[in-house]
Amino acid sequence: MIGVGIVGCGNISSIYAKNLAASVVGCADLDPSRAEILAGQFGFRSFSGVEELLASPEVGLVLNLTTPLHHFGVSAAALKAGKHVYSEKPLATTVADAGSLLELARTGGRIVGCAPDTVLGAGVQTCRRLLDGGAIGEVATGFASMLCPGHESWHPDPAFYYQAGGGPLWDMGPYYLTALVWLLGPIAAVTASAATPRAERTVASGPLAGEKIAVETPSTLALTLEFDCGALVPFLCSFDVPEHELPHVELHGQTGALRVPDPNGFGGTPRLRSAAQWRDVPLDPGPAENARGIGVKEMIRAIQAGVAPRCSGEVALHVVEAMECALNSARDGYRVRLQSRPERPSAAPGGRW
Ligand SMILES: NC(=O)c1ccc[n+]([C@@H]2O[C@H](COP(=O)([O-])OP(=O)(O)OC[C@H]3O[C@@H](n4cnc5c(N)ncnc54)[C@H](O)[C@@H]3O)[C@@H](O)[C@H]2O)c1
């Protein structure tokens with residue numbers, strides 16, 4: 000049994016607590032009252048702070064649900080305390096920090112895993128089976144888009160979405176980039192342009208409603224992703240789009256096209272196109288509802304079996320590298336090659352969760 004300690008008891012913590020209730024030992028937050036509320040809701044203990052949680056021998060794995068700029072510090076402290084770590088995305092806000100985490104884990108004999116775990120859902124996994132079975136032939140190109148008006152419309156404390164480690168690329172990009180790595184394999188190079196049409200945002204709901212947020216990272220980016228397999232996939236991501244009808248991910252092979260459902264969800268409806276017709280493809284068995292935390296379960300089983308977790312630190316570092324390369328490309332105006340080449344993760348075991 001590997002006990003889970005949750006660090007960061009904000010917006011996303013309750014779905015993890017619900018789905019992982021049986022494994023959670025307790026939780027901690029910079030604001031102890033948040034930890035007490037989450038603990039009270041789900042019947043585990045609240046620690047007085049992160050230090051006390053890290054000192055607990057019952058906690059074997061730290062689930063890092065803090066905001067992106069805190070991911071590195073919390074994960075590094077947990078690894079130094081001898082815990083395994085599963086982090087919300089992004090793994091860190093720089094490749095150097097992500098690399099340090101993997102090195103700390105390697106030297107300490109611990110494992111690092113990272114969200115998103117939506118790639119284990121039936122939506123992406125059905126598409127993975129279709130591609131591997133040759134349903135559209137070899138993929139030449141495609142298109143991905145993550146377009147929305149920005150999370151200040153619903154999140155009660157959205158400033159972090161406009162800081163380093165946020166923006167549409169670092170916040171939502173991991174869902175799309177991780178899904179594309181699962182489907183097509185590693186990314187070889189990135190070229191990007193970026194824009195920030197509005198310097199300020201306004202919080203729309205909750206106690207902070209009306210407060211202004213300074214935008215410190217680009218809110219619209221256009222990337223061209225070159226995959227090792229040869230596919231060339233443009234990815235448009237923006238927090239400046241109130242309305243659109245573009246697909247989340249569409250891949251084009253030699254014999255047809257595949258529409259991948261929203262990679263920020265577990266289910267959806269994959270669609271295949273051939274002979275000028277789209278048809279819906281029923282989902283394979285597997286999680287199709289909000290199963291956030293399933294990556295932690297899979298990681299615990301992998302640790303017990305002595306194998307690498309599917310939502311691995313290596314893939315997460317690769318995604319961080321793709322995002323950092325995109326920002327560098329947009330800033331400096333050139334194409335950037337990636338150094339990391341993680342293995343394409345093996346397909347998830349269908350309904351056996
Ligand atoms: N909100 C969502 O719908 C959502 C969905 C998917 C993923 N995520 C990701 O989950 C993470 C958290 O998002 P959120 O919306 O829950 O944020 P949030 O601001 O609501 O909560 C973050 C919590 O972490 C705590 N915290 C920050 N630094 C800490 C530290 N050093 N030690 C202990 N506690 C600390 C804060 O006090 C806060 O309670 C982010 O990485 C985000 O990208 C959020």
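Counting in numbering that gives the first Met the number 0, the sequence shown runs from 0 upward without gaps. Every residue, glycine too, gets a C-beta built ideally from N, C-alpha and C. Computed from a prediction, not measured in an experiment: that's the story for all the values here.
Residue span of the beta strand (DSSP E) that contains residue i, given as start and end
i: R270; result: 270-273
i: A143; result: 138-146
i: R258; result: 256-259
i: D279; result: 276-279
i: N263; result: No beta strand (DSSP E) contains N263, which DSSP labels as neither H nor E.
i: H251; result: 248-252
i: V61; result: 58-63
i: S152; result: Neither: S152 is in no beta strand (DSSP E) and is coded neither H nor E.
i: C236; result: 231-237
i: I5; result: 2-6
Element boundaries [alpha helix (DSSP H), containing residue i]
i: M322; result: 312-331
i: N18; result: 12-18
i: G294; result: 293-304
i: W169; result: 166-183
i: C126; result: 121-131
i: S99; result: 94-107
i: E50; result: 49-54
Whole-Å CB distance - residue i paired with residue j, under 8 Å assumed
i: K82; j: V58; result: 6 Å
i: G292; j: L271; result: Contact flag wrong, Cβ pair sits at about 30 Å.
i: G136; j: Q276; result: Not really, about 17 Å apart at Cβ, beyond 8 Å.
i: G55; j: N63; result: Before going further, note that residue 55 is Ser rather than Gly in the sequence given. At roughly 16 Å, the Cβ-Cβ gap does not stay under 8 Å, so S55 and N63 are not in contact.
i: V24; j: F41; result: Incorrect: roughly 11 Å between the Cβ atoms, too far for contact.
i: W169; j: P262; result: Not confirmed; about 15 Å, so no contact.
i: R258; j: P269; result: 7 Å
i: G4; j: A121; result: G4 to A121, Cβ: 29 Å. No contact.
i: L52; j: V118; result: That pair is no contact at about 28 Å.
Residue i - DSSP class collapsed to helix/strand/coil
i: H69; result: helix
i: A193; result: strand
i: I36; result: helix
i: A203; result: coil
i: V214; result: coil
i: E225; result: strand
i: P286; result: coil
i: R336; result: strand
i: R44; result: strand
i: V84; result: strand
i: S22; result: helix
i: Y245; result: Residue identity check: residue 245 is Leu in the sequence provided, not Tyr. L245 falls in the coil class under three-state DSSP.
i: A188; result: strand
i: L78; result: helix
i: A27; result: strand
i: V111; result: strand
For the segment 212-220 against the segment 177-197, do three or more pairs of beta-carbon atoms, one drawn from each stretch, fall closer than 8 Å, so that the two count as touching?
yes
Tell me whether the segment 242-251 and the segment 197-210 touch, counting them as touching only if at least three CB pairs, one residue from each stretch, are closer than 8 Å.
no
Is there contact here, the segment 151-163 with the segment 222-232, by at least three beta-carbon pairs under 8 Å?
no
Determine, using beta-carbon pairs with one atom in the segment 172-181 and one in the segment 335-348, whether at least three such pairs fall under 8 Å.
yes
Does the pairing of the segment 131-149 with the segment 325-337 give three or more beta-carbon distances under 8 Å?
no
Cβ contact (3+ pairs, closer than 8 Å) linking the segment 277-289 and the segment 136-145
Taking a cut-off of 8 Å for Cβ pairs, the segment 277-289 and the segment 136-145 do not touch, as fewer than three such pairs fall below it.
Meets three-Cβ-pair contact criterion under 8 Å: the segment 301-317 and the segment 108-123:
The segment 301-317 is in contact with the segment 108-123.
Could you say if the segment 25-39 and the segment 79-95 meet the contact criterion of at least three C-beta pairs nearer than 8 Å?
no
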